[in-house]
Each structure stands twice: as C-alpha cells, then as structure tokens.
Amino acid sequence: MRDNFLPFSPPLIEEEEIKEVIETLKSNWVTMGPKTKKFEEEFKYYFDCPSSLALNSCTAALHTALVALGIGPGDEVITTPMTFCASVNVIEQVGAKPVLVDVEPDTLNIDPLKIEKAITLRTKAILPVHYSGHPVELDAINEIARRHNLFVIEDAAHALSAKYRGKFIGSTNNPVCFSFYATKNLTTAEGGMLTGEPKFIEKARIISLHGMSRDAWKRYSKEGSWYYEVVFPGFKYNMTDIQASLGLWQLKKLERFQNRRREIVKMYNKAFSNEEALELFLERPHVEHAWHLYVIRLNLNALRIGRNEFIDELNKRNIGTSVHFIPIHLHPYYRDKYGFRPEDFP
Numbered sequence: 048m049r050d051n052f053l054p055f056s057p058p059l060i061e062e063e064e065i066k067e068v069i070e071t072l073k074s075n076w077v078t079m080g081p082k083t084k085k086f087e088e089e090f091k092y093y094f095d096c097p098s099s100l101a102l103n104s105c106t107a108a109l110h111t112a113l114v115a116l117g118i119g120p121g122d123e124v125i126t127t128p129m130t131f132c133a134s135v136n137v138i139e140q141v142g143a144k145p146v147l148v149d150v151e152p153d154t155l156n157i158d159p160l161k162i163e164k165a166i167t168l169r170t171k172a173i174l175p176v177h178y179s180g181h182p183v184e185l186d187a188i189n190e191i192a193r194r195h196n197l198f199v200i201e202d203a204a205h206a207l208s209a210k211y212r213g214k215f216i217g218s219t220n221n222p223v224c225f226s227f228y229a230t231k232n233l234t235t236a237e238g239g240m241l242t243g244e245p246k247f248i249e250k251a252r253i254i255s256l257h258g259m260s261r262d263a264w265k266r267y268s269k270e271g272s273w274y275y276e277v278v279f280p281g282f283k284y285n286m287t288d289i290q291a292s293l294g295l296w297q298l299k300k301l302e303r304f305q306n307r308r309r310e311i312v313k314m315y316n317k318a319f320s321n322e323e324a325l326e327l328f329l330e331r332p333h334v335e336h337a338w339h340l341y342v343i344r345l346n347l348n349a350l351r352i353g354r355n356e357f358i359d360e361l362n363k364r365n366i367g368t369s370v371h372f373i374p375i376h377l378h379p380y381y382r383d384k385y386g387f388r389p390e391d392f393p
C-alpha cells in the first residue's frame with residue numbers, strides 16, 4: 048500500500064510558472080493583454096493551428112463556436128452520450144436539440160457508422176468528442192459532414208497534443224475546442240482555446256468579448272484607441288494574463304509532460320495485460336493518443352465485486368480514481384426532457 052494518497056490527475060505547477068504569474072501581477076496588466084496574445088500565438092505555432100482564441104474555459108469555446116456558426120432554435124446537433132455535460136449543455140443553451148449517437152466499444156468515441164442515420168433536415172452540425180484523448184475517426188466524420196453540408200465542431204478537451212494521421216488535433220479548419228482545466232495535460236487553472244480558420248476566429252473573438260469591435264489590449268495599450276462599437280450581443284469569455292502566464296510555461300513543458308504520460312501508460316499496460324478483471328483501451332495505429340485519461344473497463348464477473356466497491360478498495364490503498372463519465376442520457380434533465388432510457392445507448 049502507498050504511504051500517501053495519490054490524487055486523480057493533480058496539476059504540476061513548477062517554479063517557472065509561479066515566477067511568471069508574479070511578474071504578471073506586478074505588471075498591473077492582469078486581465079487579457081500581452082501575455083494572452085503571446086499564448087495564443089505560441090499555441091497556434093506549436094499545434095500548427097490556422098488561428099487561435101484564448102478563452103476562460105472549453106465550455107466557453109464550445110458555446111462561442113456554436114453561436115459563431117449561427118446554430119440556434121430549431122437546429123439539431125449530433126453528439127455523443129459519453130462526454131462531460133458541458134458538451135451537450137451548450138447545445139441546449141443556444142436553443143438547439145442535442146441528438147445522441149452511440150459510441151465505438153473500443154474507443155468510446157462517437158461511432159461514424161451510426162451518425163448518418165441520425166441526420167435530419169434540422170441537423171446543422173456534428174460535435175464529436177475525442178474521448179480520453181483518443182482522436183475520433185475524423186476522415187469518416189468530415190466526409191459525412193461534407194456530403195450533408197454540416198459543420199464539425201471538435202470537443203478536444205481531452206485531446207491536447209493528440210494526432211490523427213500524423214497531424215495535431217486543432218491543425219485543420221474545423222472549429223476545435225481545448226480545455227486547460229486543472230486536471231488537463233496543460234493547465235491555466237481554468238481556461239480554454241478555440242482554433243479554426245482566421246475569419247471564423249475573428250468572428251468568435253468579437254462574440255467572446257461582449258460583441259465589441261476592440262478588445263481591452265487594443266483599447267488601453269499605448270498603441271490602442273478608446274473607440275469601439277458593439278456589433279453583436281456577446282459574452283465575457285476572455286482569458287486573463289494571469290491564466291496565460293501559467294499556459295506559456297506549461298506549453299514549453301508539454302512535450303516532457305506527454306513523454307512522462309506515455310511512460311506511465313506503458314507501465315500500466317504491462318502490469319494489467321494479463322488481468323482478467325480489467326479490459327484496456329489501446330490506441331489505434333493511425334492516431335497518437337493524448338492519454339489525458341487512462342481508462343479501464345471492469346469485468347465484474349471476474350472481479351466479483353461492484354464498481355463502487357472497487358473504487359472504495361483503491362481509495363483504501365491511497366489510489367485516487369474517477370468515473371468518466373456518467374452518460375448524458377442518464378442525467379435527470381436530459382432523461383426527462385428527451386425520454387432517454389438506459390438501453391438506448393448500450
């Protein structure tokens with residue numbers, strides 16, 4: 048047994064991040080400013096994104112993307128039940144209807160073979176989630192979207208540094224939404240990034256900051272102008288320079304972080320490979336997994352105890368775990384509104 052408790056996915060904040068945050072606090076520019084802009088540019092360069100917009104959460108990125116694409120009441124968005132509620136909540140928030148499609152058993156990603164059957168005249172977009180950091184089958188999903196003239200909005204909250212057919216997630220023109228929450232592969236405590244083609248990102252930038260034609264840096268810096276116009280009833284979703292200060296150093300260390308994750312994955316795979324009670328989820332040959340989560344499926348017959356008992360036993364041994372996720376169709380709001388049953392998405 049471990050002597051101390053191993054928490055689920057704690058952040059790794061080192062001296063460089065702390066010094067950068069202190070420097071930002073002393074600069075008196077603590078909201079969106081030069082470091083936020085620098086973080087956007089360095090993120091764009093690192094992941095070969097067409098354009099990037101730093102926001103205060105992945106939820107904000109998803110919401111902004113839907114609004115920027117004009118999705119609203121009467122529309123339908125196809126997504127997965129195996130995701131955090133934010134992926135579906137934002138669809139509700141714009142007045143659209145989430146249409147759930149079941150997942151592939153070996154990746155827990157949305158199954159492209161089932162998407163087409165869910166498309167109706169009201170469908171406007173597909174919102175796939177790169178579950179646990181394993182990329183979805185983007186070629187198939189993009190082709191379906193092309194045939195039916197649909198948008199694809201990628202929820203990449205788990206997929207920072209993941210690759211699909213040799214290219215980083217976020218390097219295409221699809222709107223892609225990343226998370227920098229405290230448990231993620233790179234953290235700004237709270238934060239997110241929206242990537243996509245430049246014209247889309249410029250529209251999203253305006254929507255994300257009250258619908259104003261100029262952000263704070265452009266209005267209050269030496270080179271800025273006080274004048275702005277409100278061109279859309281937008282939100283307050285910008286990142287701050289305090290958050291970006293963390294992100295700048297975390298991005299520099301991301302390769303080291305990812306290498307360590309892969310080392311741990313190899314150790315787990317070797318240790319668990321012959322365990323009858325555990326089913327492992329491996330990566331497909333044409334992808335590079337981000338390994339935000341290391342997921343196992345329990346064989347309860349072989350285990351001879353229930354999932355909750357298993358989690359309790361791990362806690363007793365000072366090992367922290369979590370369940371990702373309670374499927375969307377089992378939550379009371381969605382179950383009651385849409386009449387979902389547990390067997391709808393087995």
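Note that this note's numbering has the sequence shown beginning at 48, numbered continuously upward. Every residue gets a Cβ at the ideal spot worked out from N, C-alpha and C, and that includes glycine. In this text, all values refer to a predicted model and were calculated from it rather than measured experimentally.
C-beta atoms of residue i and residue j nearer than 8 Å
i, j, result
"phenylalanine 392", "leucine 147", "yes"
"cysteine 224", "glycine 239", "yes"
"isoleucine 191", "leucine 174", "no"
"serine 292", "threonine 71", "yes"
"methionine 79", "aspartate 288", "yes"
"valine 137", "histidine 181", "no"
"leucine 241", "leucine 53", "no"
"histidine 378", "cysteine 132", "yes"
"serine 255", "alanine 349", "no"
"phenylalanine 387", "tyrosine 381", "yes"
Delimiting residues of the alpha helix (DSSP H) encompassing residue i
i, result
"leucine 111", "What sits at residue 111 in the sequence shown is threonine, not leucine. Where threonine 111 is concerned, the enclosing alpha helix (DSSP H) stretches over 105-115."
"arginine 309", "301-319"
"glutamate 356", "354-363"
"threonine 71", "62-74"
"glutamate 139", "133-140"
"isoleucine 375", "Note, isoleucine 375: premise wrong, no alpha helix (DSSP H); not H, not E."
"serine 255", "245-255"
Residue i to residue j span [Cα, whole Å]
i, j, result
"threonine 167", "glutamate 123", "8 Å"
"alanine 229", "alanine 209", "18 Å"
"serine 134", "asparagine 156", "13 Å"
"serine 62", "leucine 100", "Checking the sequence, you will find glutamate at residue 62 rather than serine. Spanning the two alpha carbons is a distance of roughly 26 Å."
"phenylalanine 215", "phenylalanine 94", "6 Å"
"glutamate 323", "asparagine 346", "7 Å"
"histidine 336", "alanine 204", "13 Å"
"lysine 317", "serine 218", "32 Å"
"glutamate 302", "tyrosine 385", "43 Å"
"lysine 84", "asparagine 51", "40 Å"
"glutamate 89", "tyrosine 274", "28 Å"
"leucine 325", "tyrosine 315", "11 Å"
"aspartate 153", "glutamate 330", "9 Å"
"lysine 231", "proline 58", "8 Å"
N-terminal and C-terminal residue of the beta strand (DSSP E) that residue i is part of
i, result
"lysine 164", "Element bounds for lysine 164: n/a, residue is neither H nor E."
"valine 223", "223-226"
"lysine 397", "Beyond the ends of the chain as shown, which are 48 and 393, falls residue 397; an answer cannot be given."
"serine 99", "99-102"
"alanine 349", "First-last for alanine 349: 347-350, but that is the alpha helix (DSSP H), not the beta strand (DSSP E)."
"threonine 83", "Unbroken run through threonine 83 is the alpha helix (DSSP H), 81-94; no beta strand (DSSP E)."
"lysine 171", "170-174"
"threonine 126", "123-126"
"glutamate 190", "Counting along the chain, glutamate 190 falls outside any beta strand (DSSP E), though it belongs to the alpha helix (DSSP H) covering 185-195."
"glutamate 326", "325-327"
Residue environment, residue i, which counts as buried when at least 16 other CB atoms sit within 10 Å
i, result
"isoleucine 253", "buried"
"serine 179", "buried"
"asparagine 221", "buried"
"proline 145", "buried"
"glycine 121", "exposed"
"glutamate 64", "buried"
"serine 226", "buried"
"glutamate 360", "exposed"
"isoleucine 188", "buried"
Minimum C-alpha distance to residue i - residue among the options
i, options, result
"phenylalanine 372", "Gln290, Lys66, Thr111, Tyr341", "Tyr341"
"valine 370", "Lys363, Pro379, Ile358, Tyr380", "Ile358"
"glycine 119", "Pro58, Gly386, Thr170, Ser226", "Thr170"
"phenylalanine 282", "Ala251, Asp149, Tyr275, Asp153", "Ala251"
"tyrosine 409", "His333, Leu113, Met259, Arg261", "It is not possible to answer for residue 409, since the shown part of the chain is limited to 48 through 393."
"serine 56", "Leu345, Lys300, Trp338", "Trp338"
"alanine 236", "Arg49, Glu322, Ile60", "Ile60"
"lysine 164", "Ile366, Ile125, Pro374, Ile352", "Ile125"
"histidine 376", "Arg261, Asp149, Ser320, Asn355", "Asp149"
Residue i beta carbon near the ligand GTP (any heavy atom closer than 7 Å)
i, result
"tyrosine 385", "Within the structure as shown, the ligand GTP is missing, as the structure has no ligands at all."
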